[in-house]
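Numbering (full-length UniProt numbering), first residue to last: 1 to 105. Even glycine gets a Cβ: it sits at the ideal position worked out from N, Cα and C.
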């Protein structure tokens, strides 16, 4: 198995009692230690293959989250990343039933 880099987005919803939206945001951040124990919906967005794929606040000098047995920076990881696997889309046709006589393909 080859490790790869992915961006992952998460949504965490909490109900906060506050006198304004701004105060609710502040209380959310200050209570995050408790809130983070709530269920989080996480979705992998896309694979990071180049520096251009990185989110705005990430650089090649950052360490990605994940296993720490080989702590490469993002840039070091991208330097040794194997090329993307090329999918053979023509082979898929082999597993599709041929059109019956008189039908269009």
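(request) Write down the C-beta distance between residue 45 and residue 8 rounded to the nearest angstrom, noting that I regard them as a contact closer than 8 Å. (result) By one-based count along the chain shown, residue 45 stands at place 45. By one-based count along the chain shown, residue 8 stands at place 8. Sure, about 6 Å apart at Cβ, within 8 Å.
(message) I'd like to confirm the pairing. Which residues does DSSP put opposite residue 6 in its beta bridges?
(response) Your numbering for residue 6 matches position 6 in the chain shown. 47.
(request) Measure from the C-beta of residue 16 to each C-beta in chain C and report whether the shortest distance is under 9 Å. (result) No chain C is present in this structure, which holds just one protein chain.
(request) Could you tell me which residues DSSP pairs with residue 41 in its beta bridges? (result) Mapped onto the chain shown, residue 41 falls at position 41. DSSP, once it has assigned bridges, lists 11 as partnering residue 41.
(request) Compare the beta carbon distance of residue 51 and residue 75 with 9 Å and say whether it is the shorter of the two. (result) Counting from one through the chain shown, the residue named residue 51 turns up at place 51. Counting from one through the chain shown, the residue named residue 75 turns up at place 75. Yes, they are a contact pair.
(message) Please state the DSSP three-state secondary structure of residue 80.
(response) The residue given as residue 80 occupies position 80 in the chain shown. Residue state, collapsed to three classes: helix.
(request) In angstroms with no decimal places, state the Cα-to-Cα distance between residue 54 and residue 48. (result) Mapped onto the chain shown, residue 54 falls at position 54. Mapped onto the chain shown, residue 48 falls at position 48. Roughly 6 Å between the two C-alpha positions.
(message) Is the beta carbon of residue 82 closer than 9 Å to that of residue 5?
(response) Mapped onto the chain shown, residue 5 falls at position 5. Mapped onto the chain shown, residue 82 falls at position 82. Result no, Cβ atoms of residue 5 and residue 82 do not sit closer than 9 Å.
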